[in-house]
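In the UniProt record's numbering, the protein residues as written are 1 to 198.
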């Protein structure tokens with residue numbers, strides 16, 4: 001996953017975000033705030049805030065970081081559907097996405113409502129890159145594994161379409177009316193608190 005000029009600014013910010021060990025420790029230390037690994041439309045901060053009912057003015061990107069999970073592959077139900085992940089027997093198969101920290105129980109339950117049904121919540125180890133705060137003038141990173149929850153497909157993979165990449169392309173979704181409605185709803189909510197679709 002990489003930043004692109006046509007991506008929303010908050011998503012590009014989330015892609016560029018790095019944590020220091022201190023920041024990570026603080027985020028992981030929050031009570032009842034287990035991390036979630038997301039790999040589809042919830043990687044977009046505006047969409048995530050909409051579905052977890054977070055204040056649109058909140059900068060949730062400060063709690064998001066690029067991550068990858070091994071032993072899974074991306075699939076789609078149809079060519080224009082958001083992705084699902086399927087566990088594989090190959091530890092070199094990976095899925096790229098975003099690790100979201102600091103989600104409270106209610107927010108995680110809202111993600112469950114959105115992702116549940118055809119998928120199960122599974123425990124995974126997400127790999128992230130931490131910035132070394134002891135060397136502020138240098139861009140030195142170290143890898144770190146974080147225990148997280150992720151939603152994985154629990155049915156047969158027969159009929160699923162393999163995604164030819166380790167990261168799902170958001171480009172078509174960003175052009176959809178559904179995404180436009182979410183963005184407009186979030187803007188209205190910031191202005192008048194209604195958040196209702198027109």
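Cβ atoms here follow ideal geometry from the backbone N, Cα and C, with glycine treated the same way.
As the structure is a computational prediction, the values presented were derived from the model and not from experiment.
Original post:
Curious, which full-length beta strand (DSSP E) runs of at least 3 residues does the stretch 93 to 130 contain?
Top reply: 94 to 100
Subject >> For residue 87, the nearest candidate out of 102, 76, 70 (CA to CA) >> reply: 70
Original post:
Rounded to a whole number of angstroms, what is the C-alpha to C-alpha distance between residue 160 and residue 82?
Top reply: 12 Å
Subject >> residue 142 versus residue 37: straight-line alpha-carbon distance, rounded >> reply: 19 Å
Original post:
In the structure shown, what three-state DSSP assignment does residue 61 receive?
Top reply: helix
**OP:** Determine the burial state of residue 9: buried for a count of at least 16 other Cβ atoms within 10 Å of its Cβ, exposed for fewer.
**Re:** exposed
Subject >> C-alpha gap between residue 35 and residue 154, whole angstroms >> reply: 21 Å
**OP:** Put residue 50 into one of helix, strand or coil per three-state DSSP.
**Re:** helix
Original post:
If you follow the alpha helix (DSSP H) that residue 15 is part of, which residue opens it and which one closes it?
Top reply: 9 to 16
Original post:
Between residue 114 and the rest of its own chain, which residues show a CB-CB distance below 8 Å, the 5 nearest in sequence each way excluded?
Top reply: 42, 51
Original post:
By the 10 Å Cβ neighbour count, where 16 or more other Cβ atoms means buried, how is residue 105 classified, buried or exposed?
Top reply: exposed
Original post:
The alpha helix (DSSP H) with residue 28 in it runs from where to where?
Top reply: 21 to 28
**OP:** Please classify residue 68: is it buried, with 16 or more other beta-carbons within 10 angstroms of its beta-carbon, or exposed?
**Re:** buried
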